[in-house]
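Quick note: to get our numbering, add 104 to the position in the sequence shown (first position is 1).
Ideal Cβ placement from N, Cα and C applies to all residues, glycine included.
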Amino acid sequence: MSYEVEQVDSVPQPAKARVGDAPLPETPAEAGGERQRDYLSGFLAQKPAGDAAANEPGGALYEAVIDALKDIFDPEIPVNIYDLGLIYGVEISADGHAVVMMTLTTPHCPVAESMPGEVELRVSAVPGIATADVNLIWDPPWDPQKMSDDAKLELGML
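In structure tokens, the structure reads:
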């Protein structure tokens with residue numbers, strides 16, 4: 105099988121779309137007249153009845169901090185530290201001070217010096233968080249039962 109190569113200097117530009125080329129509307133709604141009622145408009149505008157404060161579980165700021173924690177991975181295990189169960193609690197004050205209570209898989213963990221600093225850096229980078237503190241706690245000790253089902257599935261433990 106042989107191929108021929110054709111060399112060209114330029115390719116013609118395709119025609120540009122023009123407003124005048126658009127088809128004319130056929131119905132009054134398409135022409136900008138009375139629009140039919142959107143059956144979802146009221147539903148989509150409603151807020152949940154029990155909307156939590158921003159700094160409480162379920163609130164926007166709290167969930168943003170949790171999402172930031174889910175972006176931090178243990179270097180030896182391909183699972184984020186939140187699903188791994190290393191985060192014991194997150195408290196956010198009204199003035200934007202976040203406190204993260206966490207542990208490590210073992211006190212002799214190779215990232216024992218760097219992990220709390222990375223957690224503090226990532227949490228303090230969340231918009232709405234003024235300051236962040238990380239409390240490293242060892243009681244109760246971490247065990248594999250603290251992992252989420254997603255983490256267990258990722259590690260083949262489920």
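Identify every residue that forms a DSSP beta bridge with residue i.
i: glutamate 195; result: Val203
i: alanine 236; result: Ala202
Assuming residue i and residue j form a contact by the criterion Cβ under 8 Å, report the distance between their Cβ atoms to the nearest whole angstrom.
i: proline 169; j: valine 194; result: The sequence given here has valine at residue 169, not proline. About 6 Å; that satisfies the 8 Å criterion.
i: threonine 207; j: tyrosine 192; result: 6 Å
i: asparagine 61; j: methionine 205; result: Only positions 105 to 262 of the chain appear in this structure, which leaves residue 61 out of reach.
i: glutamate 217; j: aspartate 237; result: The pair is not a contact, with the Cβ atoms about 17 Å apart (cut-off 8 Å).
Which one of the options has the shortest CA to CA distance from residue i?
i: leucine 173; options: Val227, Pro182 and Val123; result: Val227
i: proline 47; options: Ile241, His201 and Gly200; result: What is shown of the chain runs 105 to 262, which leaves residue 47 out entirely.
i: glutamate 222; options: Ile176, Gly124 and Gly163; result: Ile176
i: glycine 200; options: Pro179, Gly232, Gly260 and Ala119; result: Gly232
Count the other CB atoms within 10 Å of the CB of residue i; is the residue buried (16 or more) or exposed (fewer)?
i: threonine 235; result: exposed
i: tyrosine 166; result: buried
i: aspartate 187; result: buried
Using the C-alpha atoms, what's the distance from residue j back to residue i?
i: aspartate 254; j: leucine 190; result: 14 Å
i: alanine 198; j: proline 161; result: 13 Å
i: isoleucine 181; j: alanine 202; result: 26 Å
i: alanine 121; j: methionine 251; result: 55 Å
i: valine 115; j: tyrosine 107; result: 21 Å
i: valine 123; j: glutamine 117; result: 19 Å
i: proline 211; j: aspartate 243; result: 11 Å
i: lysine 256; j: aspartate 178; result: 14 Å
i: methionine 261; j: isoleucine 196; result: 33 Å
i: cysteine 213; j: proline 248; result: 15 Å
i: leucine 259; j: glutamate 110; result: 54 Å
i: aspartate 125; j: valine 112; result: 31 Å
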